[in-house]
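Numbering (our numbering), first residue to last: 7 to 340.
A virtual CB, placed ideally from N, CA and C, is assigned to each residue, including glycine.
Beneath this line is the structure, given in structure tokens, with notes to follow.
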Amino acid sequence: MDEIKEEILKDLKKVKNLNELKALRDKFLGKEGKITKLLSKIREIPREERKEYGKRVNLLKEFALKEIERKRKELEGLILEENLKGEWEDLSFYQGEEEGNLHPITKTLNRILQIFLFMNFTLEEGPEVEREDYNFDLLNIPKEHPARDMQDTFYLNREGYLLRTHTSPVQIRTMLKKRPPIRMVSAGKVYRRDDDPTHSPMFFQVEGLVVDRDTNIRQLKYTVRVFLKLFFGQEVKVRFRSSYFPFTEPSLEVDIGCLLCKGKGCGVCKGTGYLEVMGCGMVHSRVLKNCGIDPQEYRGFAFGLGVERLCMLYYQIPNIKLFYENDLRFLKQF
Ligand code: DAH
7 MDEIKEEILK DLKKVKNLNE LKALRDKFLG KEGKITKLLS KIREIPREER
57 KEYGKRVNLL KEFALKEIER KRKELEGLIL EENLKGEWED LSFYQGEEEG
107 NLHPITKTLN RILQIFLFMN FTLEEGPEVE REDYNFDLLN IPKEHPARDM
157 QDTFYLNREG YLLRTHTSPV QIRTMLKKRP PIRMVSAGKV YRRDDDPTHS
207 PMFFQVEGLV VDRDTNIRQL KYTVRVFLKL FFGQEVKVRF RSSYFPFTEP
257 SLEVDIGCLL CKGKGCGVCK GTGYLEVMGC GMVHSRVLKN CGIDPQEYRG
307 FAFGLGVERL CMLYYQIPNI KLFYENDLRF LKQF
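Structure follows, in structure tokens:
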């Protein structure tokens with residue numbers, strides 16, 4: 007029995023897989039197994055030794071079962087490790103499958119700002135949570151002014167604050183902070199209580215302001231024309247229409263010849279041959295005065311445009327809602 011014990015231990019050391027382990031088990035505990043044979047021999051043992059013999063054989067059997075079980079666990083552990091090795095993945099390995107890209111609005115915004123920076127404008131910033139007086143009053147939009155209804159506003163619980171309805175308050179901030187000459191653009195999110203197929207409650211605007219002694223309307227028109235030509239990368243037909251904004255006098259609306267039908271009239275331009283792209287004008291003398299700038303000495307021009315609109319025209323995107331759904335099938339096209 008001691009020899010068998012030794013043999014089991016020696017054999018177990020050589021076992022490399024579960025099949026070999028099964029063979030080992032059969033060798034000792036199978037039908038013809040060495041221990042099985044010892045067990046069946048029990049009846050041949052003289053009576054007085056039988057009890058002692060039976061005890062020892064059973065101990066040997068228990069020993070064998072325990073060692074085999076230990077080996078099985080060891081082997082299964084190894085198998086698990088082997089499998090894990092096969093499954094191991096280097097997460098830091100860059101496979102370049104899913105390269106991201108910038109959102110079309112971001113790309114358009116960058117394109118617009120690049121053009122204005124190239125035209126020597128500086129970039130100014132303003133907050134989205136804005137003071138009511140900067141957003142309205144100082145821009146010559148008093149409390150009872152109808153323009154205040156034109157822009158349905160998100161007011162905040164904090165008295166005197168709102169979500170800016172346009173980027174024009176950045177004009178005010180800049181004029182309060184800097185002395186002319188001023189030549190600035192600003193860009194960012196604006197908010198209105200609007201939500202339909204052509205309006206989103208949040209959208210992007212770019213604002214521009216130039217204030218200097220000899221600023222005039224020809225410079226305004228020239229600036230707008232150059233910008234539109236550079237933005238669309240081609241000669242575009244530009245039309246200025248008289249309009250109204252409380253912060254400019256005179257005020258102008260800018261249209262471009264429809265890019266799709268080349269002015270013949272189509273669904274996109276609603277048969278007019280023109281597309282509205284921005285508002286602009288000469289800064290109202292009261293706005294200059296509100297910011298401590300003498301309108302006798304200085305004049306200014308300003309403009310404001312919607313980024314979504316330019317983006318839709320540039321990439322020919324039919325619906326403003328596509329920008330905010332974050333559908334990868336849409337976003338991956340840019
Ligand atoms: N603030 C105007 C709007 O949100 C856009 C605008 C028009 C801005 C004319 C200007 C401007 O600076 O001169 O509709």
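For S249, the shortest C-beta to heavy atom distance toward ligand 1 is 6 Å or greater. When the alpha-carbon of K11 is set against those of K338, G36, E68, the nearest one is in E68. With a cutoff of 6 Å, S174 counts as near ligand 1, since its C-beta is closer than that to a heavy atom of the ligand. By alpha-carbon distance to D17, the top candidate from R49, A70, K61 is A70. When C-alpha distances from Q322 are compared across D220, E73, T114, the shortest belongs to T114. Secondary structure note for D17: it is in no beta strand (DSSP E), and the uninterrupted alpha helix (DSSP H) holding it is 8 to 20. Residue M7 holds the alpha-carbon nearest to the alpha-carbon of K43 among L15, G83, D201, M7.
At a cut-off of 6 Å, the beta-carbon of F309 counts as near ligand 1: some heavy atom of the ligand is closer than that. DSSP places Q211 inside the beta strand (DSSP E), whose first and last residues are 208 to 218.
Sequence-distant partners of I41 (beyond 5 residues in either direction) whose C-beta falls short of 8 Å from its own C-beta, in its chain, are I10, F34, L35, V63, L66, K67, A70.
Assignment of beta-bridge partners to L311 by DSSP yields V212, M284. Residue pairing from DSSP places D202 in a beta bridge opposite H205. CA-CA distance, E314 to T112, rounds to 10 Å. Below 8 Å, too few C-beta pairs join the stretch 88 to 107 and the stretch 140 to 155 to call them touching: fewer than three.
With contacts defined by Cβ atoms closer than 7 Å, E213 and S257 do not form a contacting pair. Assigned with DSSP and collapsed to three states, Y161 falls in strand. Partner residues in the beta bridge of E136, as assigned by DSSP, are L168.
In this structure T254 does not touch R189 by the C-beta definition: roughly 17 Å separates them, more than the 8 Å allowed. Residue side-chain check: T254 places its Cβ nearer than 6 Å to a non-hydrogen atom of ligand 1. In the displayed model, P175 falls within a helix according to three-state DSSP. For the pair R198 and D220, the Cα-to-Cα distance works out to about 35 Å. The closest heavy atom of ligand 1 lies 6 Å or more from the beta carbon of G132.
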